[in-house]
Structures are given as structure tokens and as C-alpha cells.
Amino acid sequence: MYKILIVDDEKMIRLGMKKVLPWESLGIIEVYDAASGKEALGIIREKKPEIMISDIQMTEMTGLELIEAARKIVPELRVIVLTGYDNFEYARQSLRLQVQDFFLKPIEEDELARAVGKQVNYLEDLKAEEKNLRLLQRTQGTAEQTELEHYMRNLVHKRDDMGKLLDNLREYYHFDTEMELKLMLIVPTLYMNQQPTEENFQAMSVKNVCMGMVDAQERGITFSDDDGTIAITWFEAETGDVVLDAIEELSDILKDEFDAKPKMVVGSAVHGFANLFISYNDARFLLDNEKEGIRDIVQTFGAQNKADIFRDIYAELKGIMCANVGNTDYVMKAFNTFSKATQSYNLSPAMVRRNCFEIASALYFSYMGDSGEVESGKLDSLSKSLICADREEACEVTRMFISQLLGKEEENVHEIITKAKHYIDEHLTEELSVSNIAASLYITPNYFSRLFKRVTKEGCNEYIVRKRIEKAKSLLETTSMKTGKIAMMVGYRDTNYFSLAFKKHTGRSPTKYREEIQHNA
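Quick note, in full-length UniProt numbering, the sequence shown goes up one by one and the last residue is 521.
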């Protein structure tokens, strides 16, 4: 539905047009009127109408001057000109301004209605073209992902012309083909009582989360090998610790979302895409020999004892924080460095809890000494919160303690979840992941994932899927749009994945659901 503005300095003509035309049936939802060009420009700035009907001969500002000024505000404005003068110069200037229609007064109601309908049809066609273009772009994105997965499978299975594959990765995808890489295989935890389609749905869901956490953040490439096993090619940093941190983060999020940690098997580090098959073969060998193992993350190297190195880093960071109590941002940055270090050096939860309490206590007494304020009970509350916390929770609880202590109050937990739900509702048709939602709230993905599940009793991705299915059901019930189009409108680029998700939640395919609704109507 569109908005139209009628501009004429003759009140009878202006109000007559406003009353006699069947605006709603023409696709017009709002009709505005103005007695002068100046008044019209004010309405255009505020209401942004798509169509304008204007007289030419008006006092203060002519219709032609109005059209020129209006187009600067709404460049795509569709204009119908009315004039009581059969003047060729008016017609010529109207053509120069690219008006859509030019009529002499008086004009019949039917003729004016047809002119308005013509502009509405044009706007509808334009909207359809824009939708088709967006659909094409999104489909092309899916096609590109499919093509990239094809290249990656050929690389790890040593098929096709290696030189050609590497050229495509360099020239089309702009990857550094000589970077350090590490390949990881993921096997989702599947339950014996699940149907094959449910297993497939879970694997696709895991893959979708991986793409949001890895590909979207340019950490690596997610694909499936010939056996359908999910694989991630990690882009290695200067040390393997960064990749290990990312793997642990992904493992924790998958656990929170699916109530079970998938097994992750990491191959050796290799130089360049040409050698990726070596890392893949290492991971495949480990996977075949670890199927009955209990470890969640299996690597080709053993953990190193870094306690001595960490001890020095910890002492330095604690000293920096205590010496800069008056600089909240500086303290928070130092604590974030400490938090990352606890993961990089793979400290035990008990060690992290102790270090967190020591840092908080040191900052508390430094702050109280500087400010002269005393807040009893704060350390006791922190101590109770830390008792059963794991590594990341300990850091998050301590971070909130420091923020509150130094004057940066954290948002209420329920306010965070409310904002998250609002963000999801606003971006439901787009790519959504725990990572980008957490980023919008300025908290870590792991902490957000756990917080969301604790408050809502369901995983964030589960909530997103549920909201998308609810919207899809509404569209199936109230429109005649095809399933593929509805899938796009609720955020699914893959129609098959959408159908699986829909059937898992409703027990019926989208087509069957619509048929039942229509039958019962």
C-alpha cells in the first residue's frame, strides 16, 4: 500500500479528488493534500509519499518548481501533472522533469483513477524486481558456498587439477593459499531413537552453527567431506593456541545448543591448501580410532605445561589493574587479556576461580583505599558466585564484579535476553548466529549462549528456529507464496533445510501443512 499527495491551490478541486476516488482499491493507504508548494514540501519531507498529483499554476511556487524540489527529497517520486492551460511549454518542461503523466483539467474520475493505478502497478512491479534481485543474490551466495565446498572436498580427497583448484581459491575467493592450516572433523552426537531425517536435521543444524561461528568471522571454511562428515579448515595464527581457543569455544556453544558435545578431531598443522589432505588424513585416522573414546576434542599433539609462563603474566596483569583503578577502560582491557590467557594456557577451573578472586580482592581494596568507600558483602557475594563456576563463568562473573565496582553497571540479565529477542525479531530474515547476537550485546558468545538457555530454558538457535517456523506457518496460512519464497522470507537460504526444520517442529512438510489448513478452513 502506498501514499499519495494532492497539491492544488483550489480547495474544491483538491478535496474533490480526495473524496471521490476509490483510493483503497487502487492500493493507496494514505491521501494527503496541500494548498501550496511550500506546504507540499513539508508533507513530502515528513511522510515520504510515493506518488504526487500536482497543479502547475499555483501562487508562491509553481508546480514545476515543486516537482524539482520534491525530487531532491524523494528522487523516485512518481508525478502526475494537472493543468488548466493547454500550453506546450508546460508539457515540454514536464517532460524535462520526467513526470509520469500530464493531463488537462477537467479530468474524468475514471481517467485519473487509471493514471493513479498505472503508477501503483509500476511501483508494485519495481518492488517485485527488487525482491527477485535480492533472491538472486542470496541464491548466488548459496551457489558460491556449494562451489567452495566442492573445491574443498576435491582438495582433501586429492581430486581434480590441484593448480586449478588453488588458482580458484586465490582469484575468486581471495584466500591466501600459502597460509598455515589445520583441519578438524566433527561428528554430531546422535541418539539411537532418532529418525534418519532428524539425524540429518541435527547435522545440518550443527553445520549452520559452525558456519556462523567460523566462516562468518573469517576464521576458516566449513564443508562436508564425501562421507557427509562436517569438516572445518581452520586458518592457523602464529601459534595453535588461538585456534584451540576457537575450537573450545565452538565446542561449548554446540554443547549448549544441542545438549551434547559433538566429537571434534583435529589434524596436524600444514602449510598451504595443497597440503590440506595431510591434516585431513590425520583427523580421519584419529576419528576412526577414537569413535569409542570419551574425549570431546582429540588432537595430534599433547597439552604442554605452561603454568610457569602464565604465573608471570598473571602477576604482571594483576599489578597493571591495581595500579590503574582510576582508568576503568584500561582495567577492563587488562582483565580481558587475563581472561583470554586462562583459555590459551588451558588453566583448570579451580585455578581460574582462585585467580579471579585474587584479582577482584586486590582491585576491591585498591579501589576502597583510593575512594574511601566501603561496600560490605561484595566479596562474599563474589565468592559464592565463583564456587561452582567453570572457567568462562568465573571470568564473566568477575568481569561483572569489576564493572560494577568501578562504576560500569552491567545490564540486568533479563534485559539482556529481552534485547536479544528483540534483535532476533528484527533480523529474522537475515543470517543469525549466537556470535553476531552476542556481539550486538557486547558479551561473549559462550556467556550469552549459557545465559539465554538458563533464562529461556531453550538454546538460542532452537529459539531462532522456533520463531522462524512460527512466521513460516503464518505465511503458509495467509498467503499463496511458494515454499521456496517463504523459506527465504524466514531466513533460510536452503529450501531443503527449511523443510527439514519445519517438519521437525510441526510433524508435517510445509506443503502438507498448507493443504491441511486449507482443507479445515
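Glycine is no exception: its CB is placed at the ideal position from the N, C-alpha and C atoms. Quantities reported herein were computed from a predicted structural model and do not represent experimental measurements.
In this structure, DSSP gives residue 174 a state outside helix and strand, which the three-state scheme calls coil.
Going by beta carbons, residue 363 and residue 391 fall outside the 8 angstroms limit. Per DSSP, reduced to three states, the secondary structure at residue 263 is strand. Spanning the alpha carbons of residue 22 and residue 115 requires a straight line of approximately 13 angstroms. Taking all protein chains in view, the Cβ of residue 112 is crowded by 16 or more other Cβ atoms within 10 Å, so the residue is classified as buried. Under the three-state reduction of DSSP output, residue 30 falls in the strand class. Note on geometry: alpha-carbon atoms of residue 316 and residue 333 lie some 14 angstroms from one another. The C-beta distance from residue 464 to residue 424 rounds to 6 angstroms, short enough to meet the 8 angstroms contact threshold. For residue 12, the secondary structure class from DSSP, reduced to helix, strand or coil, is helix. Contact between the stretch 162-171 and the stretch 254-263 is absent: fewer than 3 CB-CB pairs across the two stretches fall below 8 angstroms. By the beta-carbon neighbour count (other beta carbons within 10 angstroms, threshold 16), residue 106 is exposed.
Where residue 497 is concerned, the enclosing alpha helix (DSSP H) starts and stops at 495-506. In the structure shown, the three-state DSSP call for residue 216 is coil. Relative to the Cα of residue 204, the nearest Cα in the group 217, 216, 219 and 187 belongs to 187. By a beta-carbon distance limit of 8 angstroms, residue 438 contacts residue 444. Their separation comes to about 6 angstroms. Closest in C-alpha terms to residue 441, from the list 119, 64, 453 and 421, comes 421.
Between the C-alpha atoms of residue 221 and residue 501 there is a straight-line separation of about 24 angstroms. In this structure, DSSP gives residue 116 a helical state, which the three-state scheme calls helix. The C-beta distance from residue 43 to residue 73 rounds to 10 angstroms, too long to meet the 8 angstroms contact threshold.
The alpha-carbon of residue 38 is positioned some 23 angstroms away from that of residue 95.
Restricted to the UniProt domain "HTH araC/xylS-type" (418-516), the alpha helix (DSSP H) segments that are unbroken, complete and at least 4 residues in length are 434-441, 445-456, 460-478, 483-489 and 495-506, listed in chain order. One alpha carbon belongs to residue 382, the other to residue 432, and they sit about 34 angstroms apart.
In the three-state reduction of the DSSP assignment, residue 83 falls in the strand class, which pools E and B. Here residue 496 is exposed. Its C-beta has fewer than 16 other C-beta atoms within 10 Å. By alpha-carbon distance to residue 414, the top candidate from 454, 471 and 394 is 454.
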